[in-house]
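What follows is a single structure, written as structure tokens, with notes after it.
Here it is as structure tokens:
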């Protein structure tokens, strides 16, 4: 059994809105040995009854992969909800397994483990699952999101604020998109002052500043030697607390040091975590943490040191082991609580209470395992937010402001948090940057406080962190439509980011060149702080290979659905291709722009959420779908005579004469008029005014520099040459129609198509070209696995079926020779169409031997 295809769909996809792993599994004829199901259930007894019932009668052993992957992820501590197994066209021994996931690394590793385990069991071999599962669990822990970070991210998602994890390895997130984004790592935010973090990490400097600000703090000093520590400790009329100057999470802290020996041991313990050590007066009372976010009190907790309560039978060590088996406790910050350590410091703390690790604690007696109450060393918390007096609230807020932190954890000691801090001799002992918020989100007792939501509110106020996003899909016209939308938005003063088949652009500057219509390119736009408005060309391939980079957009545009790329990536029919495009339409939150003259587009309206507006566009002003929609008060865009019209119910407003748009080729390129109608409808749905839209349509130039390979016009000795990316039936038919409208003379086609199309599709393209052009020259471009001449032969076969005369059909496999031959068939006034173009340089190179000056001009225009 082997994996023949594997893809991580990181956003909404054909299968689900959540991230999924899609893998095609070929069983390679593997037949399960007798007892396969029994052995599998012995290893994974928690498989669902439905799965267990199917195991004895599996038609294909690959059917077991999906449920096993899901169970392995659950056992690793990274469960997901969605999964399904699908058949694979024309492959009886293969299955398409789709498995939701929380962590990409865990899902990939679980898939490999599932394949290995199922293969071994199907062959009747033994399989040792335990070590592999332990490794999978370790991967899940390594890549898990920290509890505090997760609380903030989840709070953002609940408010509809998008969240992007910057890398799988770090707890670094981007909240929001484009120019509205904020970055977050744990509880350090984009608004956190780096100087303030430095101050907070220096406990002595923090105390000095707080004291100057009138905030009550314990007396003390920073020392570097044990003698100095002893000297400072002797000043106090009571016990001392000794801790590192710049450590955190309770590391190296010892409290209630009363003898020189205790001071020395505490000093040495603190020195393990830092060169400088603070010796300060011990404040008697309870340990409290107050969370300040955005100048407000978000939560307060009473932190109790890690402790166990005796039962009269078990030793301290046994009681700790029992408590550490609590499902709420984990290693480090991976869970709500942290496991209690039994170390030297725990032994010292026990000794002060008259116990040891092996002591049996009387029933009902509680013993502490630490002098400090940090959750990171096993402590617990009880919410006391509602008990805070106004004076204490004000002191904590002043402390955070004094240090300069937007999110601060204020540690204070006092006898009773319900009483004013000063009058009971309490004080602030630390101000923490990047405070953990587990204790507030998940207190052991008391009311849970949504500290994550408080941090999100401080970052975003009432905003959702989103910039306007327009997503454009369809078989043909995506790039031009996207550019029209982006150009108009930029004219309106918005910094616009756009992804297209030609590259990624931000505010008119090219960032990456190439086919950039997939997940990574869209994410680069949404991650840029320089983008106010995003236009994302979203192609079929990107949706199927990685899913969408956005959970939702404001406006989706579906231009058309016609035959192209069929037989690739599991999409066999136009109906299936339409379902791929529907993925984009269903992500719209505000409006979907649909082609009223395309049945597949019209059908999509039934599958949209009720609150999403449908805006239709049509070249035919009398289109019945459009007319019914407008009669019902809907919005639309259409062409009447040579005028583009925007309609809102009964109100119809002329936008501009299409002949004023360079992209329309003086009104001849009806496909580009349709693109402009779609772009205008999308812009109207985004809230742009008619004048802004008309200015954008009128000023956009679709030449080889601004929109390469999209109906770029050149004059070659009086012959109009059109270079275009057309490579399917619909595109070639539209291009031939435009060329025919441009001249009373002859229209010659120099055509090709990608070799990875099905034989029947290539034949259809040839037949379409034969119907549209007077003379046809067939060449080859990307053969994509086919032998030389094979693709051209199928195109020529289609042309002959289209009844083109033998003397009107030529095969010239080399593109330069094909262009030269096509030009030789033309006279001044004719139109030569070059389809399936991959670069403007092809035309220049073809002309260079005989027309070097024209070749040079063409190259200059493209720069």
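In this note's numbering, the protein residues as written are 487 to 1349. Note that beta-carbon positions come from the ideal geometry of N, C-alpha and C, so glycine has one too.
Which residue marks the beginning of the alpha helix (DSSP H) containing residue i, and which one marks its end?
| i | result |
| --- | --- |
| residue 1134 | From DSSP, residue 1134 is part of no alpha helix (DSSP H) but of the beta strand (DSSP E) over 1129-1134. |
| residue 961 | That residue, residue 961, is in no alpha helix (DSSP H); it is neither H nor E in DSSP. |
| residue 730 | Careful: residue 730 lies outside any alpha helix (DSSP H), inside the beta strand (DSSP E) at 726-730. |
| residue 701 | Element bounds for residue 701: n/a, residue is neither H nor E. |
| residue 1253 | 1245-1258 |
| residue 1185 | 1176-1185 |
| residue 1090 | 1085-1090 |
| residue 717 | 712-721 |
| residue 883 | 876-889 |
Tell me the DSSP secondary structure of residue i in three-state form.
| i | result |
| --- | --- |
| residue 821 | coil |
| residue 1200 | strand |
| residue 684 | helix |
| residue 1160 | helix |
| residue 522 | helix |
| residue 585 | strand |
| residue 706 | strand |
| residue 909 | helix |
| residue 690 | helix |
| residue 946 | helix |
| residue 1172 | coil |
| residue 869 | strand |
| residue 766 | strand |
| residue 753 | helix |
| residue 793 | strand |
| residue 550 | helix |
Who pairs with residue i in a beta bridge, going by DSSP?
| i | result |
| --- | --- |
| residue 1102 | 1080, 1122 |
| residue 999 | 989 |
| residue 918 | 895 |
| residue 829 | Its beta-bridge partners do not exist; DSSP assigns none. |
| residue 599 | Paired residue(s): none; residue 599 is not in a bridge. |
| residue 1139 | 1132 |
| residue 512 | 488, 580 |
| residue 659 | 651, 670 |
| residue 774 | 788, 898 |
| residue 1262 | 1235, 1295 |
Quick check on residue i: buried or exposed, where buried means 16 or more other Cβ atoms within 10 Å of its Cβ?
| i | result |
| --- | --- |
| residue 1163 | buried |
| residue 1007 | buried |
| residue 1277 | buried |
| residue 531 | exposed |
| residue 1152 | exposed |
| residue 913 | buried |
| residue 1093 | exposed |
| residue 727 | buried |
| residue 1328 | buried |
| residue 1316 | buried |
| residue 812 | exposed |
| residue 660 | buried |
| residue 689 | buried |
| residue 553 | buried |
| residue 919 | buried |
| residue 1369 | Because residue 1369 is not part of the residues shown, which for the chain are 487 to 1349, the question remains open. |
| residue 1097 | exposed |
I'd like the span of the beta strand (DSSP E) that includes residue i, first residue to last.
| i | result |
| --- | --- |
| residue 1322 | No beta strand (DSSP E) contains residue 1322, which DSSP labels as neither H nor E. |
| residue 1349 | Looking at the DSSP string, residue 1349 is not in any beta strand (DSSP E), and its letter there is neither H nor E. |
| residue 787 | 782-790 |
| residue 671 | 668-671 |
| residue 1020 | 1019-1023 |
| residue 1208 | 1205-1209 |
Using only the heavy atoms of the ligand COA, determine whether one of them is closer than 7 Å to the beta carbon of residue i.
| i | result |
| --- | --- |
| residue 1246 | As presented, the structure is devoid of all ligands, the ligand COA included, so that no description of it is given. |
Problem - contact_flag[the stretch 942-961, the stretch 641-661] where n(CB pairs < 8 Å) is 3 or more - result: The stretch 942-961 and the stretch 641-661 touch, with no fewer than 3 CB-CB distances between them shorter than 8 Å.
Practice task
State whether the stretch 983-995 contacts the stretch 1021-1030, with contact taken as three or more CB pairs (one from each stretch) at a distance under 8 Å.
Solution key: Here the stretch 983-995 makes contact with the stretch 1021-1030; the two share three or more CB pairs at distances below 8 Å.
Problem - Cβ contact check for the stretch 668-682 and the stretch 888-907: 3 or more pairs under 8 Å - result: Taking 8 Å as the limit for Cβ pairs, the verdict is that the stretch 888-907 does touch the stretch 668-682.
Practice task
Assess, as a yes-or-no matter, whether the stretch 1294-1314 is touched by the stretch 1262-1271 under the definition of 3 or more beta carbon pairs within less than 8 Å.
Solution key: Taking 8 Å as the limit for Cβ pairs, the verdict is that the stretch 1294-1314 does touch the stretch 1262-1271.
Exercise for the section: Take every Cβ of the stretch 723-737, pair it with every Cβ of the stretch 835-853, and state whether three or more of those distances are shorter than 8 Å. Expected result: No contact exists between the stretch 723-737 and the stretch 835-853.
Practice task
Determine contact between the stretch 814-834 and the stretch 966-976, defined as no fewer than three beta-carbon pairs at a distance below 8 Å.
Solution key: Look at the beta carbons and you see the stretch 814-834 not touching the stretch 966-976: under three pairs across the two are nearer than 8 Å.
Exercise for the section: Mind the definition here: the stretch 609-629 touches the stretch 540-547 only if three or more C-beta pairs lie below 8 Å; say whether that holds. Expected result: With the cut-off at 8 Å, the stretch 609-629 and the stretch 540-547 do not touch.
Exercise for the section: Would you be able to state if there are at least three C-beta pairs under 8 Å between the stretch 579-591 and the stretch 522-529? Expected result: Flag = no, the stretch 522-529 and the stretch 579-591 do not touch.
Practice task
Count the C-beta pairs between the stretch 784-797 and the stretch 859-876 that are closer than 8 Å, then say yes if the count reaches three, no if not.
Solution key: Segment contact: the stretch 784-797 against the stretch 859-876, three or more CB-CB distances shorter than 8 Å; contact assigned.
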